Amino acid sequence: MNEPKVINEPTVVKGCELCEQDGGEVIWRHPLARVILVEEEHFPGFCRVVWNDHVAEIGDLSDEDRDWLMRVVVTVERAIREVLQPQKVNIASLGNLVPHIHWHVIPRDPWDSYFPDPPWGKTPRRNADIGLQAARRAQLPQLTALLQERLAAL
Numbered sequence: 339m340n341e342p343k344v345i346n347e348p349t350v351v352k353g354c355e356l357c358e359q360d361g362g363e364v365i366w367r368h369p370l371a372r373v374i375l376v377e378e379e380h381f382p383g384f385c386r387v388v389w390n391d392h393v394a395e396i397g398d399l400s401d402e403d404r405d406w407l408m409r410v411v412v413t414v415e416r417a418i419r420e421v422l423q424p425q426k427v428n429i430a431s432l433g434n435l436v437p438h439i440h441w442h443v444i445p446r447d448p449w450d451s452y453f454p455d456p457p458w459g460k461t462p463r464r465n466a467d468i469g470l471q472a473a474r475r476a477q478l479p480q481l482t483a484l485l486q487e488r489l490a491a492l
């Protein structure tokens with residue numbers, strides 16, 4: 339499998355929030371992409387994989403770049419499953435509000451406020467279990483360490 343082509347300076351589009359700022363706590367940075375631990379009250383462990391160059395559609399990437407990016411997304415999903423052990427992991431790439439390639443990787447459990455609905459749009463179905471949320475937050479340093487280890491190997 340061919341390796342992705344490293345971009346010396348990614349294209350930055352003025353007004354694009356993912357071009358102009360990291361978008362959260364960067365837990366891994368590569369010249370092509372970064373992984374963010376999103377500070378999201380309802381979903382501790384929510385990660386975002388962001389392609390650094392301003393590209394709106396995954397189909398506009400070369401095959402090598404796309405395949406490498408998907409390896410990053412799957413590596414994040416596997417680490418979340420291993421450390422946090424959620425019932426389900428939602429993986430989404432929308433881009434309607436921010437047309438810059440990025441993937442949301444979100445651990446989901448019956449105790450989260452929105453389960454089984456998507457994490458966006460609707461009002462919460464219930465109050466989340468605060469104790470279980472706190473327990474998950476306590477696992478985030480372990481998740482961060484595992485992600486850094488696994489992503490460094492890509």
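Each residue of the sequence shown is one higher than the last, beginning at 339 in the numbering used here. Even glycine gets a Cβ: it sits at the ideal position worked out from N, Cα and C. Values in this document were obtained by computation on a predicted structure and should not be read as measured data.
For GLU363, same chain residues with a beta-carbon under 6 Å away, outside a window of 5 residues either side, are LEU375 in chain order.
Counting along the chain, the unbroken beta strand (DSSP E) around ILE365 starts and ends at 363-367. DSSP lists VAL427 as the bridge partner or partners of PRO445. Our two residues, PHE384 and LEU422, have alpha carbons roughly 11 Å apart in a direct line. Taken in chain order, the complete alpha helix (DSSP H) segments of 4 residues or longer contained in the stretch 388-433 are 401-422. Within the model, the alpha-carbon separation for GLU420 versus VAL350 is close to 35 Å. By alpha-carbon distance to ARG372, the top candidate from GLY433, ASP360, GLU378 is ASP360. Judged by pairs of C-beta atoms under 8 Å, the stretch 410-417 does not touch the stretch 447-463, as fewer than three such pairs exist.
The DSSP-derived three-state label of CYS385 is strand. The beta carbons of GLU355 and VAL436 sit closer together than 9 Å. Only residues of its own chain outside the window of five on either side were considered, and among them ILE396, ILE439, HIS440, TRP441, HIS442 have a CB closer than 8 Å to the CB of SER431, listed in chain order.
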